[in-house]
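A short write-up of the structure that comes next.
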Amino acid sequence: MADPPGVHHAKSLTQSQSTGTNSRPSGSIPPLVQQTKTRHARLSSSRASISHLTTNPSNPSFQPSSSGAASGYANNATPDRVHFHNLAHGVVKSRQGSVLSRGSLLKTDYFASGRAQSLTHHLQGAPNFRSASYNIFGTAQPTLAGIKTVLAFLKSHPAGKRNSVWFCTREEPVIYMSARPFVLRDSAKPTQCVTSSENADNIEAIELRLKLDIIKESQKYDGLVLVHDETVEGDILPTWITADDVKTTSELWEEVKSEGYRIEYYRIPIANDQAPEDSYLDRYVSILRTIPTSTNLIFNCGMGLVRTTFAMAAAIIMRRRQVIKEGGDDLFRLEGTEAPVATNTKNSISSHEGEDFSPGFKAMKALTILGEQQARTKSLLRLMQLLQRSLPTTSQHSVMELLTTHPNLLENLRKGISGEFDIVMSLVSILDRGNLEKNLVDMVVDHCDDVVNLRDEILEDRIKFAITATTDQSSAVPDETSGNHYLRKALSGLERYFFLIAFAGYCNEPPMSFVDTFSPWLKTRSEILNMILRLRRTSRQYIFAPLHDLTSLSKSHVATLATTAAMKLNFNELERAGGEVVGTEWAHHVVDTRRGITLRAGLILKSDQWPTQFNQDDRVIPGALNFRKVPDVALFGLSQPTQEGIERVIENVRKKFKVAQRLTWINLREEPLIYINGVPYVLRLEAVGLRNLKSYAGISSPRLELLEDRLKSDILAELRTFDGRILLHTETDDGSVIGVWETATESAVKTLRELMDENSKSLENVCKLDFKRQPITAEKAPDFEDIKDLIGIVSDAEPDAPFIVNCQLGRGRSTLTMVCILLIQQWLAHGGGKFAFAEVNNRKPSRWSYQTINNLIRVMRNGRGIKTAVDAAIEKCSAVYDLIESIEVCRLDAEKCGDDVASKEKKTKKGLSNLRRYAFLLIFACYLNETKADTWRELQNSKSFEAFWQQHQVFKTLLDELNGADIQALTPLEMGNFATHGGDWTEEEQIVVARRSGIILSAQTILKSDFFVGLQKMTLPMRVEGLPNIRQVPISLKGQQVSGDQSIFGSGMPTVDGLRRGLEKMGAMQRMVYWTSMR
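Position 465, counted from 1, in the sequence shown is what full-length UniProt numbering calls 465; the numbers after and before it change by one each time, with no gaps.
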């Protein structure tokens, strides 16, 4: 039977699609007609492109009916073109699939505006395809033809002999129709990705459901599905396409493999704006280590930009190491260069003879200087190009004038484009071959920059944030042109760059077998993990130091920072010129141009003595502030001493304990220290000279001492540059940090280890000085490894051996460690078994207690005895710092702040930190109380503090209650307020509750009825007096009820009589009933 006018069945439509010609069916004639070139859309002709039919959403009058068919769409007939125009608007709103639901779009996965036109070659269907070294390639999301073209290009087609592995990083569902990729989008935000999962299996399951939704929807519209195209201008255009050959991504790749292509496919989902994670780097490592280095690696994301480039860079770094290990060439010519560089540095530091008389050294130095000048020139040229690309045309001239008159700003921008951010250089300083790893990453990033440069993008987004932040103050709307959008992009870019350098350190660290993936290596480097946490906690621009302040780029008038003439003066001219301003400018210049590994640009050497913190009475020993002894124990504490202070402290302890054969000194500092002319100096950021560096939090003692060795090398190099003088900084009485030029010889520069070794050597005929470096983060409790090491140190010493503990100020950390040592000594005195804590009946509390502390001791065995021992140890070590009293001081200070919210939060936060440390001491004492070790071997094999913590998750739960707690958590129980809850407390009731002193029934604790009479649900058919809300559910397996009367019951908390009645109701007299309480 002939089709009626205006109707064309799906079969004919599919045939017209399969012809591959650009044709349109006539509205009244079934045969295909050649499409005209004019594209005049005349409704009377009723001609419409069925295979890819453009629609006009502007006319919403035509809506599909509730049954899924459009109005006027009768007898299963395909509507003519006017109907398709009107239909598109209502399709999106009426979608009812499990994935392709209401408001969802299927958008063509093609970005016309994202193609890089500068690429040397282009492959059809594989946008942004490019190649890199070691057989590594990248592309955007390809079509089916694009996949086959790429594989043919790489000789991995059925007739080829090369194997390839393809990695897809898409985190959103991708579906293929007619061999073209489509993605799921929200109609409200059609250009933004819809992240569904970070698990590849979950995404593939979603794609399979999406495929079923598409097929189901196509049945409504006779084989057609509404999709949307993105134009070059960014407009979203609704179009129609036949639902022909719908495949999920995994199905498509199975089809390609079945045709004989030599390809393996992996999906590692990464969100578009997701920061790097060690988890997906682990996936790369675990796959790449099993793949021969001759195998092609292809990576793709949506547009083939950032995620693809990052994956290519990581793969190059790892494959380079694999190739070198196999005996291949280092294409980046870096292997082996670290040895001459290290020798050069050593020679230049350790001997003048090598510098003056070695021709090889002079040649190497000249080549190094020439290479640095070329790199500097190249970075400046790249900076000019980036500024021209990033800045509006109207402001480029004014910015260039600004840079001409502000060399500091120009130098900071040059550092930014070279990746010399402070947190990056902190990472470089703690890696074994940090400079080499950064050079490798920079070369790899530049090598892969055909589409995007991962390092330059950081500075570009940072500059865009600087010039847009002044006009855009809204953070609520994540507009892609807003300042906050650029800030988030810059932070993500900085983290990617950071991860690449850390990954390079992992790949190039012996044994380089890749048996362990990246995550286990990262867990052993807690200082790097802390840097990552710092990156992720930071949401403002100071993390970009030295580019933390770019306000001058967005202001037309700025204050003069320095003059070019002053920067050109040499040291002697500045000294003769005199004057504070010139000296300050010169000091800034010296700090900004430092080029050491550890003593780098933006860092100062600040005196580690704190005269404003103490009175004269505190200085018992000159150069050793806060020196004190714990009564009746050979335990001492102090701040960071001078060289003279170290000698005097050792002499003082030796006089008190003349028979001691060994003296143990434990240093708790977590930042690099150096002694110059007998005074300790510590690294600080010039911008915040009074704050501790957070970059080295969690660092191990061997790496900290390695940093100090490098710091000494940098200082000696700077001494030679300035003819035996070094720029140091000190703190004045008003808290200002000022620069001071100090004259020093090379022999006057010593690391802390060297200084202690000298003292140990001078005492070798008298006693042994055992120096231990145990870095602990300021204002934090020791971590698990610290506790393990501390137990080992104390257990290894004689019972009466003196211990000296020092931190920065001789207050918090040293006192906390002294308390731990005291508890360990008590534990060992009882044979490594239980503390002989005696219960004291009717004891009046001598120290304040808090709700969190009471909750802890309730769940501890002999909790009150443990608290008694800890309180006594704290009080014994409280000559300078009383931990319990400090909590109350912080609470009182916070209450005095009144309406000053910021100050109140600061004081409360400090009080909560001290409360956490108090709780830590109780948990640690509980661990000792439950651990027995009679011998050293038993001590090594006994359960660690970390295992004890993991076994008792209740401790973590109780401490988590302090997260976000307010000042109420700092209120002692003895001062607690009584909540009324509908009734006033009598004076007698308040006195009784406040004076309770039991282990469980303690102060401010009440006994409340646990039977809820009024909460019986009236709709439940079963009733048992005393057993509220009892109900019964029969047990069934696969829909069939099991034999016998087996049921599951549920109820509220019963009374005793209610429990008996309930058991009787359940038939407990005739059968076994298993009752589980989840209280």
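Glycine residues also receive a C-beta, built at the ideal position from the N, C-alpha and C atoms.
Nearest to Thr293 by C-alpha distance, out of Met318, Pro1054 and Arg130, is Met318.
Looking at the DSSP output, Pro1034 sits in a beta bridge with Ser1047. By the neighbour-count criterion, in which 16 or more other beta carbons inside 10 Å mark a residue as buried, Asn484 falls on the buried side. In the assembly as shown, Arg861 is an exposed residue. Its beta-carbon has fewer than 16 other beta-carbons within 10 Å. Within the model, the alpha-carbon separation for Ala243 versus Ala205 is close to 20 Å. Using a 10 angstroms sphere on the CB of Ile532, the tally of other CB atoms reaches 16 or more, which defines it as buried. DSSP, reduced to helix, strand and coil, places His588 within a helical segment of the structure shown. If you check the CB distance, Gly304 and Ala504 do not come in under 7 Å. Within the same chain, Cβ atoms closer than 6 Å to the Cβ of Val740 are found at Leu728 and Thr730, the five residues on either side in sequence being excluded.
Assigned with DSSP and collapsed to three states, Pro181 falls in strand. Counting every other CB atom within 10 Å of its CB across the protein chains shown gives Gly865 a total of 16 or more, marking it as buried. Under the three-state reduction of DSSP, Phe498 is assigned to helix.
No Cβ-Cβ contact shorter than 7 Å links Leu752 with Leu683. Glu264 and Leu912 have their C-alpha atoms spaced approximately 54 Å apart.
The secondary-structure analysis by DSSP pairs Asn296 across a beta bridge with Ser164.
For Val452, same chain residues with a beta-carbon under 8 Å away, outside a window of 5 residues either side, are Leu305, Val306 and Thr309 in chain order.
Leaving aside the five residues that flank Tyr881 on each side, the residues in its chain whose CB is nearer than 7 Å to its CB run, in chain order, Arg811, Gly812 and Thr815. Excluding the 5 residues flanking it on each side, Pro158 has same chain C-beta neighbours closer than 7 Å at Glu259, Gly260 and Tyr261, in chain order. Taking Leu184 as reference, the option from Arg102, Phe803 and Asp734 with the minimal CA-CA separation is Arg102. In the three-state scheme derived from DSSP, where H, G and I count as helix and E and B as strand, Tyr506 is classed as helix. Residue range Val901 to Asn929 is occupied by the alpha helix (DSSP H) that includes Val901.
Its Cα nearest to that of Leu769, the residue Lys761 stands out among Ile776, Lys761 and Pro775. Looking at Val1056, Leu224 and Phe948, the one whose alpha-carbon comes closest to that of Ile241 is Leu224. In this structure, the beta-carbon distance from Gly1050 to Arg1023 does not fall below 7 Å. In the three-state DSSP reduction, Gly637 falls in the strand class (E or B). In the pairwise beta carbon analysis, the region 510-520 is classified as not touching the region 486-495: fewer than three pairs are separated by under 8 Å.
No Cβ-Cβ contact shorter than 7 Å links Leu210 with Leu281. Between the alpha carbons of Glu326 and Tyr506 lies a distance of about 18 Å. Beta-bridge analysis with DSSP links Val452 to no other residue.
Distance from Glu207 to Thr143 at the Cβ level is roughly 16 Å; contact not present, criterion being Cβ atoms closer than 8 Å. Distances from the alpha-carbon of Asp446 to those of Phe924, Ile316, Ile203 and Phe153 put Ile316 closest.
As a beta-bridge residue in DSSP terms, Glu731 pairs with Val737.
Excluding its 5 nearest sequence neighbours in each direction, Pro181 has C-beta neighbours in its own chain below 6 Å: Asp109, Gln141 and Val174, listed in chain order. Under DSSP, Ile236 shares a beta bridge with Glu230. For Ile268, no beta strand (DSSP E) encloses it, and the DSSP letter there is neither H nor E.
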